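Here the structure is laid out as structure tokens; the discussion comes afterwards.
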Amino acid sequence: MNRLLFTLAVLLAVSVACAQTLPLVVDGQPQSRIVISRDATDQVKQAANVLAQYVEQATGAKLEVVADDQPMDYKGALLFVGSVGSVGSVKQDAEPTRVDEDGFTIRAKDNEVAICGPTDWGTEFGVYEFLERYVGVRWLLPGPDGDDVPTSKTLSIPVGTVTGQPAVFSRLFSGLQGAPQTKWARFNRMHGRVSFHHNLLHLLPPETYTKTHPEFFPMKDGKTRYLPPTNDTHAWQPCFTAPGLVDEAVKNIVRYFDEHPEETSYSLGTNDSSGYCACPQCLARISGEKNFLGLTDYSDLYYDWCNQVIEGVLKVHPDKWFGCLAYSEVAAPPKAVKVHERLLPYMTYDRMKWINSEVRAAGHEATEAWQKVSPTVGWYDYIYGTPYCLPRVYFHETQDYLRYGNAHGVRACYAESYPNWGEGPKPYVHLRLWWDSKQDVDALLKDWYERCVGPEAAPYLAQYYGLWERFWTKDILDSKWFSVGGQYLNFSSPGYLADVREEDLVTSRQ
151 MNRLLFTLAV LLAVSVACAQ TLPLVVDGQP QSRIVISRDA TDQVKQAANV
201 LAQYVEQATG AKLEVVADDQ PMDYKGALLF VGSVGSVGSV KQDAEPTRVD
251 EDGFTIRAKD NEVAICGPTD WGTEFGVYEF LERYVGVRWL LPGPDGDDVP
301 TSKTLSIPVG TVTGQPAVFS RLFSGLQGAP QTKWARFNRM HGRVSFHHNL
351 LHLLPPETYT KTHPEFFPMK DGKTRYLPPT NDTHAWQPCF TAPGLVDEAV
401 KNIVRYFDEH PEETSYSLGT NDSSGYCACP QCLARISGEK NFLGLTDYSD
451 LYYDWCNQVI EGVLKVHPDK WFGCLAYSEV AAPPKAVKVH ERLLPYMTYD
501 RMKWINSEVR AAGHEATEAW QKVSPTVGWY DYIYGTPYCL PRVYFHETQD
551 YLRYGNAHGV RACYAESYPN WGEGPKPYVH LRLWWDSKQD VDALLKDWYE
601 RCVGPEAAPY LAQYYGLWER FWTKDILDSK WFSVGGQYLN FSSPGYLADV
651 REEDLVTSRQ
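Under this note's numbering, read the sequence shown as residues 151 to 660, first letter to last.
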């Protein structure tokens, strides 16, 4: 009797286990097909094709991609990608309503799987999550040689629901070169969603407005208006107290969104360099105090102007965002006004410098000061690779400061990257932590090393990058090259090479 009960229990456990997984490929043969809407966008179609491509590469099975207006008498599993008509019971359950636009839900039950986001971007990133989580794909480096796709003749996924969304909703590198690099970054969830760079010269092009509204331009000397000669001229800012300036800015931005409804944001970033107005009306609106950069503080005047412009635009386009640079004369948080909840100021700094405890404390203080006046903050970083002669890696410092930022209102990140791919996992780790700073950086690195060179060679690769991480986070603190002042380290000077120990060079070449 006991033996019979034991046998029944084992059989029941096996049947339950089988019921909890959904086979998509068995012995190299497809047991599923991919379904998209007949009205699917090119982005969703491409995501579905990427899904089929990597499943075939991993298993040898070619999953058919079909539209939802085709007959659905297929007996295998249906794998829905994106919003797909009324076909399938799991599809409606999977459509996310409470995740970020880049977020997604993957839901598997009965004989159906649905990968769906509130936007096409969310659906696309859901496909990448599916490939990483269930197929084991990794996009380690740009180009086909940077892919790691484990092979298996069988692909089954567990029944259940997975939901994902980014901790940082706008994530963007500059300095990527060519389609393979941008494609690689996109696989790793890069998606810049906020415009914030220098832009007021485009909002108010001088070649037009110096003729029609010369009063919009600054009195740099407090007496005569400076009229920029070309539309490309920087080093000037509008007269933020000029009558009609707010209305003109609102009109131009509303027209921009009317003509580009797909755009989600607009930059109110000041022009490069200084050139602020010193007319009596502008001077009456500022304190005359210096900010932490030693420049006259124009933050109250500028951010109040931004708030007025944003309010005007939102009356017509209520779902838009705005970005700017917390930079130069407007680098400090305003004291007399709160920053509009739809404006993201980007704080510019090379946060590798936070390895210095005093610099880190000052950075925390600045971030928390901004947090008090702005619901959301962006970070603009300088993680340069190519200007440096050594791999400038600081993985654990990156994890620490991104976790801090996530806990203190930082919701958008941009980095001047210009990758040196000899820095190995550095760009990869940065993008992964932007998506989820709670990830264990040691686990990320271990996975990257093993996927890149295999488990036997991985410890040597880890030792190599660990050596240079020690140099850039500990040894460099005593270098004459390292600077406490300034926004970023002097990457144009190779002075740090004087601090490299000969034994480290020998070890790194072994």
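Heads up, the beta-carbon is just placed ideally off N, CA and C, and yes, glycines get one too. Just so we're clear, the structure is a prediction, and the values are computed from it rather than from any experiment.
Can you round the beta-carbon distance between residue i and residue j to whole angstroms, since I take them to be within the 8 Å contact cut?
i	j	result
Ala198	Val176	With a Cβ gap of about 21 Å, Ala198 and Val176 do not count as contacting.
Ser567	Pro575	Their Cβ separation, rounded to whole angstroms, is 14 Å, which puts Ser567 and Pro575 out of contact at 8 Å.
Asn148	Pro355	A query on residue 148 cannot be resolved here, the shown segment of the chain reaching from 151 to 660 and no further.
Val263	Arg283	That pair is no contact at about 12 Å.
Asn421	Gln387	6 Å
Ala208	Pro300	6 Å
Val560	Trp529	5 Å
How should residue i be labelled, buried or exposed, when 16 other C-beta atoms within 10 angstroms of its C-beta is the threshold for buried?
i	result
Ser239	At Ser239 the pLDDT is 49, less than 50, meaning the model places this residue with poor confidence; the figure from the coordinates comes in the next sentence. By the 10 Å Cβ count, Ser239 comes out exposed.
Tyr452	buried
Asp500	buried
His558	exposed
Cys456	buried
Lys503	buried
Tyr610	exposed
Gly635	exposed
Cys539	exposed
His580	buried
Val656	exposed
His341	buried
Ala486	exposed
His490	buried
Ala648	exposed
Asn338	buried
Ser664	Since the first residue shown for the chain is 151 and the last is 660, residue 664 is missing from the structure and cannot be characterised.
Pro495	buried
Ala167	In this predicted model, Ala167 has a pLDDT of only 39, less than 50, meaning its place in the structure is not dependable; the value taken from the coordinates is given anyway. So Ala167 counts as exposed.
Phe442	exposed
Pro605	exposed
Leu627	exposed
First and last residue of the alpha helix (DSSP H) that includes residue i?
i	result
Ile626	Careful: Ile626 lies outside any alpha helix (DSSP H) and carries neither H nor E.
Tyr568	No alpha helix (DSSP H) contains Tyr568, which DSSP labels as neither H nor E.
Ser122	Outside the displayed span of the chain (151 to 660) sits residue 122, for which this structure offers no information.
Tyr599	Val591 to Val603
Ile256	Here Ile256 belongs to no alpha helix (DSSP H); instead the beta strand (DSSP E) covers Phe254 to Lys259.
Tyr554	Phe545 to Ala557
Pro430	Pro430 to Leu433
Gly276	Asp270 to Phe280
Phe407	Leu395 to Glu409
Ala519	Ser507 to Val523
Ala198	Asp192 to Thr209
Leu583	Lys576 to Trp585
Pro356	Pro356 to Thr362
Of all the options the options, which has the alpha carbon lying nearest to the alpha carbon of residue i?
i	options	result
Val623	Gly635, Thr548, Lys522 and Ser587	Note that residue 623 corresponds to Thr in the displayed sequence, not to Val. The shortest C-alpha separation from Thr623 is found at Thr548.
Thr446	Pro483, Gln203 and Gln458	Pro483
Thr191	Ala593, Val231 and Glu518	Val231
Ala335	Ala486, Gln613, Phe632 and Pro569	Pro569
Asp250	Trp571, Ala258 and Gly272	Gly272
Ala211	Pro221, Pro180, Ile186 and Arg659	Pro180
Asp531	Ser306, Glu479 and Ala565	Ala565
Ile533	Glu461, Gln637 and Val299	Gln637
Leu213	Pro221, Tyr204, Gly528 and Tyr614	Tyr204
Val543	Pro173, Lys361 and Asp625	Asp625
Leu353	Ser324, Pro541, Gln327 and Tyr416	Tyr416
Val523	Thr536, Leu493, Ala511 and Ser507	Leu493
Ala428	Cys389, Leu443 and Cys266	Cys389
Ile436	Asp450, Ile403, Ala227 and Gly425	Asp450
Span of the beta strand (DSSP E) holding residue i?
i	result
Arg321	Ser320 to Ser324
Tyr532	Val527 to Tyr532
Glu262	Glu262 to Cys266
Val216	Val215 to Ala217
Gly328	From DSSP, Gly328 is part of no beta strand (DSSP E) but of the alpha helix (DSSP H) over Gly328 to Phe337.
Ser658	Premise fails: Ser658 lies in the alpha helix (DSSP H), Glu652 to Ser658, not in any beta strand (DSSP E).
Leu540	Looking at the DSSP string, Leu540 is not in any beta strand (DSSP E), and its letter there is neither H nor E.
Leu647	Neither: Leu647 is in no beta strand (DSSP E) and is coded neither H nor E.
Leu639	Segment: none, Leu639 is in no beta strand (DSSP E) and carries neither H nor E.
Phe142	Residue 142 cannot be examined here, being either before or after the span of the chain that is shown, 151 to 660.
Bridge partners of residue i, per DSSP?
i	result
Thr311	Arg257
Phe472	Tyr416 and Leu493
Gln179	Val176
Thr446	Lys440
His348	Gly419
Trp289	Asp297
Ser306	Pro173
Val560	Val527
His341	Arg321
Would residue i count as contacting chain C if we go by Cβ distances under 7 Å?
i	result
Pro541	Absent from the structure is chain C; it holds one protein chain and no more.
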